[in-house]
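Report on the following structure.
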Amino acid sequence: MKVMKFGGTSVGTPQRMKDVCKLIINPNESNFVVLSAMSGTTNSLVEISDYLYKKNPEGANTIINQLEQKYMQHCEELYETEEYKEKTKKFLNEEFKYLRSFTKILFTSFEEKVILAQGEIMSTNMVTNYLLECGVKTVLLSALDFIRTDKNAEPDFNYIREHATKQLNDYPDYQIYITQGFICRNAYGEIDNLLRGGSDYTACLIGAALQSDEIQIWTDIDGMHNNDPRVVQNTRPVPQLYFEEAAELAYFGAKILHPTCIQPAKFAGVPVRLLNTMDPTAPGTIINNQMQHGTIKAVAAKDGITCIQIQSSRMLLAHGFLRKVFEIFESYKTSIDMVCTSEVGVSVTVDNRSHLTDIIDDLKQYGTVKVEDDMVIICVVGDLSTENIGFETMACEALKQIPVRMISYGGSNHNISFLVKKDDKQATLQALSNTLFNK
Ligand code: ASP
Ligand code: MG
Numbered sequence: 000m001k002v003m004k005f006g007g008t009s010v011g012t013p014q015r016m017k018d019v020c021k022l023i024i025n026p027n028e029s030n031f032v033v034l035s036a037m038s039g040t041t042n043s044l045v046e047i048s049d050y051l052y053k054k055n056p057e058g059a060n061t062i063i064n065q066l067e068q069k070y071m072q073h074c075e076e077l078y079e080t081e082e083y084k085e086k087t088k089k090f091l092n093e094e095f096k097y098l099r100s101f102t103k104i105l106f107t108s109f110e111e112k113v114i115l116a117q118g119e120i121m122s123t124n125m126v127t128n129y130l131l132e133c134g135v136k137t138v139l140l141s142a143l144d145f146i147r148t149d150k151n152a153e154p155d156f157n158y159i160r161e162h163a164t165k166q167l168n169d170y171p172d173y174q175i176y177i178t179q180g181f182i183c184r185n186a187y188g189e190i191d192n193l194l195r196g197g198s199d200y201t202a203c204l205i206g207a208a209l210q211s212d213e214i215q216i217w218t219d220i221d222g223m224h225n226n227d228p229r230v231v232q233n234t235r236p237v238p239q240l241y242f243e244e245a246a247e248l249a250y251f252g253a254k255i256l257h258p259t260c261i262q263p264a265k266f267a268g269v270p271v272r273l274l275n276t277m278d279p280t281a282p283g284t285i286i287n288n289q290m291q292h293g294t295i296k297a298v299a300a301k302d303g304i305t306c307i308q309i310q311s312s313r314m315l316l317a318h319g320f321l322r323k324v325f326e327i328f329e330s331y332k333t334s335i336d337m338v339c340t341s342e343v344g345v346s347v348t349v350d351n352r353s354h355l356t357d358i359i360d361d362l363k364q365y366g367t368v369k370v371e372d373d374m375v376i377i378c379v380v381g382d383l384s385t386e387n388i389g390f391e392t393m394a395c396e397a398l399k400q401i402p403v404r405m406i407s408y409g410g411s412n413h414n415i416s417f418l419v420k421k422d423d424k425q426a427t428l429q430a431l432s433n434t435l436f437n438k
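Residues in the sequence shown are numbered consecutively from 0, following numbering that gives the first Met the number 0.
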């Protein structure tokens, strides 16, 4: 069995939904299909929630009405028969009635999560009904019955494995199993989610839990590129990535994958394939347990980084100093991405600025603190182990014209990271592409 996940654009129109159905039907085996909400829907649901927080039910209703009109039109285009048009419209009408009911009650983050869950609930219903209309033996499983997070808001993997397996046993012999990406229940049984972009995570959790043959993530680009195609010319899809390489790229900015979704697939040893719905025969990118020695795979950039330098005139790196610095960040639940140390100072980067003022105040007890905003982490991924002499030199050589603020090398065997100013991002990415891939 394969787990196949389709993102918002892949189910963004009735025609695209039909195209997805062609890809998932396989007469020789059943597939487990994870769907996002139709593109734009989750953003609209966020907007509705924002209006409700601000006690503006008119604003919320305007968007609900627009969304409802759009979905009714989709039903006209998606289904052949009156029976399925009516059946799906009836379901969607109930959904929009439910959304409207939130305009009359006290609105909290709990209600917001319930609202955000409706996008995936609607898209999976629509596609399930289409497959049933086409005569395909399909069952829609509610992710709320088997995707769960624990008290730390992390997926509860044992629960997921047990309950996903139970679902398959309860519904044997279906050709297609469909479920919602993104949504789950939390440790208290409430409706929750795996954060924006979380459908990839759902797919990887299910693929790992069921030990599927492969997890396919279908998007609208032909795999993970060796550099950001929106910023740099002549990028190419990377045919293969090692799990750790893909995790670094996803974390450090390659937008195609949810940053933590690789972990469960890696632990279960299930390969992840990135494919393109608009070009289904393109090979895409396979992510697996094989490390190809002697190659640099890709470059990615993470924007919105703040660099904090702490310098002390005293013996700064006396033992215990770094612990004290890190504890300050920990106490504000702010994680650090890059670290560089010297005898008299330490520089770290963060992407979460919500507690920056407090953090800086606390750090001041240990020395002078300097903050630089609008920085970008550029991460080069591949075989950067010490046996592979020269790759870090090549990367540094490429950047000889760029004022590099920090370099981090040796934290893992797969990554070298550079911190540069936002204004130098494009030049840095292009220089690395020219030197590493386009020679
Ligand atoms: N629909 C959710 C979002 O837009 C989850 C996903 O598509 O992965 O973030
Ligand atoms: Mg996504």
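Even for Gly, the Cβ is constructed at its ideal location relative to N, Cα and C. A quick note: this is a predicted structure, and the numbers were derived from the prediction, not measured.
In the three-state DSSP reduction, Met3 falls in the strand class (E or B). Distance from the CA of Gln289 to the CA of Leu240, rounded to the nearest whole angstrom, comes to 8 Å. Counting the other CB atoms within 10 Å of its CB gives Glu247 a total of 16 or more, which places it among the buried residues.
Spatial neighbours of Phe325 in its own chain (CB-CB distance under 8 Å, excluding positions within 5 residues in sequence) are listed in chain order as Ile335.
Around the C-beta of Lys301, 16 or more other C-beta atoms lie within 10 Å, and the residue is accordingly described as buried. The beta carbon of Leu91 lies closer than 6 Å to those of Tyr70 in the same chain, with the five residues before and after it left out. Checking the 8 Å criterion, the Cβ of Ser35 is within range of a heavy atom belonging to the ligand ASP.
When DSSP reads this structure, Ser346 sits in a beta bridge with Gln308, Cys339. Judged by the Cβ position, Arg195 qualifies as a neighbour of the ligand ASP at the 8 Å threshold, a heavy atom of the ligand being closer than this.
Check the Cα spacing between Gly180 and each of Pro263, Gly134, Tyr200: the tightest is with Tyr200. For Val138, the closest C-alpha among the options Arg147, Val126, Gln429 is that of Val126.
At a Cβ-Cβ threshold of 9 Å, Ser432 and Val271 do not count as neighbours. Short note on Thr148: C-beta not closer than 8 Å to any heavy atom of the ligand ASP. In the three-state reduction of the DSSP assignment, His73 falls in the helix class.
With fewer than 16 other beta carbons inside 10 angstroms of its own, Asn27 counts as exposed. For Leu418, DSSP records a beta bridge to Ile376, Met405. Sixteen is the threshold: when 16 or more other Cβ atoms of the shown chains lie within 10 Å of the Cβ of Arg184, as they do, the residue is buried. Taking all protein chains in view, the Cβ of Ser100 is surrounded by fewer than 16 other Cβ atoms within 10 Å, so the residue is classified as exposed. For Gln166, same chain residues with a beta-carbon under 6 Å away, outside a window of 5 residues either side, are Leu140, Phe145 in chain order. At least one heavy atom of the ligand ASP is found less than 8 Å from the C-beta of Phe181.
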